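J.: Next up is a structure, given as structure tokens.
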Amino acid sequence: MSDAVPETAAKPPGLPRRRKPGLLAQYLPILEWARTYDRSVLTNDLVAAIIVTIMLIPQSLAYALLAGLPPVVGLYASILPLVAYAIFGTSRTLAVGPVAVVSLMTASAAGAVAAQGTALYLEAAITLAALSGVMLAVLGFLRLGFLANLLSHPMISGFITASGILIATSQLKHILGVTAGGETWPAMLGALASAIDTINPWTLAIGIPATLFLFWVRKGLKPALVKLGLAPRSADIAAKAGPVVAVIVTILAAIGLQLGERGVDLVGAIPQGLPPFALPSTDLDLIGQLWVPALLISIIGFVESVSVAQTLAAKRRQRIAPNQELIGLGAANIASAFSGGYPVTGGFARSVVKFDAGAETPAAGAYTAVGIALAGLFLTPLLFHLPIATLAATIIVAVLSLVDLKTPAKLWNYSKADFAAHLATIVITLLAGVELGLIAGVAVGLLLYLWRASRPHAAIVGRIGGTEHFRNVERHEVFTVAHVLSIRVDESLTYLNARWLEEFVLEQVAERPAVRHVILMCSAVNEIDASGLESLEAINHRLSDAGIGLHLSEVKGPVMDRLERTHFVKELNGHVFLSQNRAFRELADNGGVREEPIPDAERGMI
């Protein structure tokens, strides 16, 4: 017996061994990254927190306005949720808080049970956060993060594009200074058209310049600052503070021109202080009305958040745990509910800013929460004269970046089915509202998937001369023989497509009277369910009655293991071959076509 130590696989250079976190650290990621926290990391996190705080203050006020809630609720939703995510989340750079799409969905859900401005409306928004938080946490503990994969990218892209259009349209009334409502795009446009003669010129004089300024800030301020000699990173950070400049200038304009007396809507008094303790509703009737919207908010929030987190983590060769992200977002929403907030998730723009600013750990989010809390304590009186039009301009500029007009053309060229799902989601969301649009998008996507799965790709194949490769006869010049029909099946055989395959094989045989052998090439078949087995048995019996042999080739081991537990293999009137090439050579030779002999060892089942 040798005393030699067995060799182990060499570890690729430059890749440190990743230690598996303990059970407690898996559910409390803060225990993992806090061990290496030092002064350098603290400095980077504080700098990032200051920048995100400056960006988040006007955004949180604006998104609360979009959700139909008092602006201070946006501040409440930007404090404890950030702390909760810092404890339970796995992304080092994700910025959690109010976001545009979730705010719109909150307005739609709460507006269905109460009028804006009422206590019941606020209660509904708080309850939505609690329900969403519980749902996300439960999904995380049950390791069900994969369910988000049911939402296809074309559907999500279409929903976000339509939501961006709805959000921007809904804010035009604040830019124009008119009263207009509506939950759908036609209703919004109709209400705006009806109120066109009531435009407030003073509001327009604030809203239009603020919107143009913010558009310019997004694209033009950074290059301008770089030309003036500012370092690119400093210029980028300064450009992110553009909304704060718009807030300060318009507040000064409102005070100096006494715009409140000229009919311009102002934010007004914002309660000072920390978030209050709040309790979600326990009214079962209200919960019954809100649980479906809460589930939709949870799914969209998770998909948006985890896609941003994964993108940013990949840039630093880090990783996130999607199931733990569910728990982190669930904890953030529960914290929001109990502090008087509304549903939150990870935001793309803020997360990118946080990433670019150098945040290294989730602690940057907790420091941001401290900054927002200080703003709630000391800065809210200064926001009394802030025009609502400025907040509307902030929302419009932010959400129009969500509108993707390039994807439809790409999808049309690549996949008509995905284009149909994308377009259906956009149209239904615009015409019927966000909830029905999202549900319809999921339904259309699933129906298209089922339709495609029920019509799998199968090809008649032949051998390319001088090789052992078999390819589609319609795409390549291949060698075939009249009495052997080789069919490559490119999908697993399930109840969705088994009957289709049965009809396809029998049709192809009927068109070829000379066929005496049929080979099903199964290299792409990963599973055969009970319905697929039944169809194979039916094909075998029908071909046997016609004096035609049915053969299988390149059957994968796990599939063959299951087939061997049935009577199918024994009743098969042909053979199971290890390779398609060997099956073709033997059966062609049996028909009088000379081929080299096949060693017995190379025949048989996988």
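Under my numbering, the first residue of the sequence shown carries the number 1, and numbering increases by one thereafter. For every residue, glycine included, the Cβ atom is placed at its ideal position computed from N, Cα and C. Values in this document were obtained by computation on a predicted structure and should not be read as measured data.
The alpha helix (DSSP H) that contains N44, what's its start and end?
T.: Where N44 is concerned, the enclosing alpha helix (DSSP H) stretches over R39 to L66.
J.: Mind checking which residues open and close the alpha helix (DSSP H) that includes G301?
T.: L284 to K315 is the extent of the alpha helix (DSSP H) around G301.
J.: P362: buried (16+ other C-beta within 10 angstroms of its C-beta) or exposed?
T.: With 16 or more other Cβ atoms within 10 Å, it is buried.
J.: Just list the beta strand (DSSP E) runs in the segment 455-531, keeping only unbroken ones of 3 residues or longer that don't cross its boundaries, in chain order.
T.: For the segment 455-531, whole beta strand (DSSP E) runs of length 3 or above, ordered along the chain, are 458-463, 470-472, 484-489 and 517-521.
J.: Exposed or buried, what is K406 when buried is set at 16 or more other beta-carbons lying within 10 Å of its beta-carbon?
T.: Looking at its Cβ environment, which holds fewer than 16 other Cβ atoms inside 10 Å, K406 is exposed.
J.: Short of 6 Å in beta carbon distance, which residues of its chain neighbour E183, apart from the five on each side in sequence? Order them along the chain.
T.: G433, listed in sequence order.
J.: Pick helix, strand or coil for H385, following the three-state DSSP scheme.
T.: Three-state DSSP puts H385 in coil, outside helix and strand.
J.: I need the boundaries of the beta strand (DSSP E) containing A432, first residue and last residue.
T.: Here A432 belongs to no beta strand (DSSP E); instead the alpha helix (DSSP H) covers K416 to A432.
J.: When we look at the beta-carbon of A231 and count the other beta-carbons within 10 Å, is it buried (16 or more) or exposed?
T.: The residue is exposed, with fewer than 16 neighbouring Cβ atoms inside 10 Å.
J.: Should A398 and V83 be called a contact, given that it needs their Cβ atoms to be closer than 7 Å?
T.: It is not a contact, given that the beta carbons lie outside the stated cut-off.
J.: Taking all protein chains shown into account, decide if Q580 is buried (16 or more other Cβ within 10 angstroms of its Cβ) or exposed.
T.: Classification for Q580: buried.
J.: Should the segment 409-419 be regarded as contacting the segment 81-99, the criterion being three or more beta carbon pairs within less than 8 Å?
T.: The segment 409-419 is not in contact with the segment 81-99.
J.: Return the residue from the list V102, T282, W216 and T394 that minimises the CA-CA distance to I300.
T.: Of the listed residues, the one whose Cα sits closest to I300 is V102.
J.: Just list the residues that DSSP pairs T345 with in beta bridges.
T.: According to DSSP, T345 bridges with G97.
J.: Is the beta carbon of G145 closer than 7 Å to that of P633?
T.: Here the chain has residues from 1 to 606 only, and residue 633 is not among them.
J.: Does the beta-carbon of W202 have 16 or more other beta-carbons within 10 angstroms, so that it is buried, or is it exposed?
T.: Per the 10 Å Cβ criterion, buried.
J.: So is Q59 buried or exposed if we call it buried at 16+ other beta carbons inside 10 Å?
T.: Result: buried.
J.: Roughly how many angstroms separate the alpha carbons of L587 and I548, rounded to a whole number?
T.: Whole-angstrom Cα-Cα distance: 12 Å.
J.: Would you give the residue range spanned by the alpha helix (DSSP H) that G371 belongs to?
T.: Note, G371: alpha helix (DSSP H), A363 to F378.
J.: Are A95 and S351 touching if we call contact CB-CB under 7 Å?
T.: Cβ atoms of A95 and S351: closer than 7 Å.
J.: Using a 10 Å radius around the Cβ and a threshold of 16 neighbouring Cβ atoms, would you call P223 buried or exposed?
T.: With fewer than 16 Cβ atoms within 10 Å of its Cβ, P223 is classed as exposed.
J.: Name the two residues that bound the continuous beta strand (DSSP E) containing H551.
T.: Where H551 is concerned, the enclosing beta strand (DSSP E) stretches over G549 to S553.
J.: In this structure, does DSSP put V577 in helix, strand or coil?
T.: The question names Val, but residue 577 in the sequence shown is Phe. F577: strand per DSSP, three-state reduction.
J.: With H, G and I counted as helix, E and B as strand and the rest as coil, what does DSSP make of L266?
T.: In this structure, L266 counts as strand in the three-state DSSP scheme.
J.: What do you get for E360, buried or exposed, if any count of 16 or more other CB atoms within 10 angstroms of its CB means buried?
T.: So E360 ends up on the buried side.
J.: If you draw a straight line from the alpha carbon of N573 to that of L485, how long is it in whole angstroms?
T.: Approximately 15 Å, taken between the alpha carbons.
J.: Suppose the cutoff is 6 Å on Cβ atoms and the five residues either side in sequence are ignored; what does the same chain contact list for V306 look like?
T.: Within the same chain, V306 has close Cβ partners P322 and E325.
J.: Smallest Cα separation from N44: which of P275, G358, G263 and M105?
T.: The residue with the shortest Cα to Cα distance from N44 is G358.
J.: Judging by CA-CA distance, which residue of S157, A77, A67 and L80 is the nearest neighbour of A115?
T.: It is A67 whose Cα lies nearest to the Cα of A115.
J.: Do you know offhand how far G466's Cα is from R499's?
T.: Approximately 36 Å, taken between the alpha carbons.
J.: Would you mind stating whether P154 and D404 have Cβ atoms separated by less than 7 Å?
T.: Cβ distance not < 7 Å, so P154 and D404 don't count as in contact.
J.: Is Q171 near I395, with beta carbons less than 7 Å apart?
T.: Yes.
J.: So what does DSSP say about N540, is it helix, strand or coil?
T.: Here N540 sits in helix by DSSP.
J.: Does F378 pass the burial test, meaning 16 or more other C-beta atoms within 10 Å, or should it be called exposed?
T.: It counts as exposed.
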